[in-house]
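Every letter in the sequence shown is one number past the one before it in our numbering, and letter 17, counting from 1, is 17. Single-structure report; data block below.
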Amino acid sequence: MDRVIIRFLVSALSLGVATWLLPGIWLDYAGEPAGAALTMLIVAAIFGLVNALIKPLFVFVTSPLLLVTLGLFLLVINAALLMLTSWVCAKLGVPWGVNGFMDAFWGALMVSIVSFVLNSFVGRRGQVHN
């Protein structure tokens with residue numbers, strides 16, 4: 001259970017970094033830090049659900065492209081999932097979004113890198129390495 005919580009927080013932090021660094025990914029929180037943090041937790045939950053439910057289907061359908069590109073097509077899949085997350089957030093009234101596909105592509109790259117770095121500090125059982 002600890003591992004799930006840590007992975008969720010890593011996802012929220014990764015999405016937060018991408019939102020902060022990339023102008024095409026936006027968050028409208030009216031200057032309230034607690035509101036921004038709560039919004040990013042909600043976005044991470046939506047992104048996690050989208051990844052859990054839709055990504056396996058995308059990977060299966062595009063497996064020939066994944067093989068030909070040696071997995072680089074996963075960035076396109078992750079960008080599409082970010083766009084889908086943005087659409088779900090808009091439908092639910094969550095003030096977070098992605099302006100376009102290229103913004104989603106760079107956001108997917110940023111989320112992947114930040115998640116990799118943060119997960120490298122976390123062991124298999126959710127223990128933080130020094």
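Yeah, the Cβ is synthetic: ideal placement off N, Cα and C, and Gly gets one too.
Check whether the Cβ atoms of Leu66 and Phe73 sit closer than 7 Å, and answer yes or no.
Yes, they are a contact pair.
Skipping 5 residues on each side, what residues in its chain have a beta carbon closer than 7 Å to that of Lys55?
Result list for Lys55: Ile77, Leu81, in chain order.
Which residue spans inside the stretch 4-38 form an unbroken beta strand (DSSP E) run of at least 3?
Taking only runs of at least 3 residues, the beta strand (DSSP E) segments lying wholly in the stretch 4-38 are 25-27.
Beta-carbon separation of Ile132 and Thr85 under 7 Å?
Since the first residue shown for the chain is 1 and the last is 130, residue 132 is missing from the structure and cannot be characterised.
Tell me the rounded alpha-carbon separation between Asp103 and Leu22.
In a straight line, the C-alpha of Asp103 is about 8 Å away from that of Leu22.
Nearest to Trp106 by CA position, among Leu13, Val17, Phe8, is which residue?
The shortest Cα separation from Trp106 among Leu13, Val17, Phe8 belongs to Val17.
With DSSP run on the structure shown, which of helix, strand or coil describes Val94?
Correct three-state label for Val94: coil.
Report yes if the C-beta distance between Ala79 and Ala108 is below 7 Å; otherwise report no.
Contact: yes.
Can you round the beta-carbon distance between Val190 and Ser115 to whole angstroms, since I take them to be within the 8 Å contact cut?
Limits of the chain in this structure are 1 at one end and 130 at the other, which puts residue 190 out of reach.
Between Tyr29 and the rest of its own chain, which residues show a CB-CB distance below 8 Å, the 5 nearest in sequence each way excluded?
Result list for Tyr29: Gly35, Ala36, Thr39, Pro95, in chain order.
Work out the CA separation of Gly31 and Gly97 for me, nearest whole Å.
Looking at the two C-alpha atoms, the distance is approximately 17 Å.
If you follow the alpha helix (DSSP H) that Phe105 is in, where does it begin and where does it stop?
Residues 101-120.
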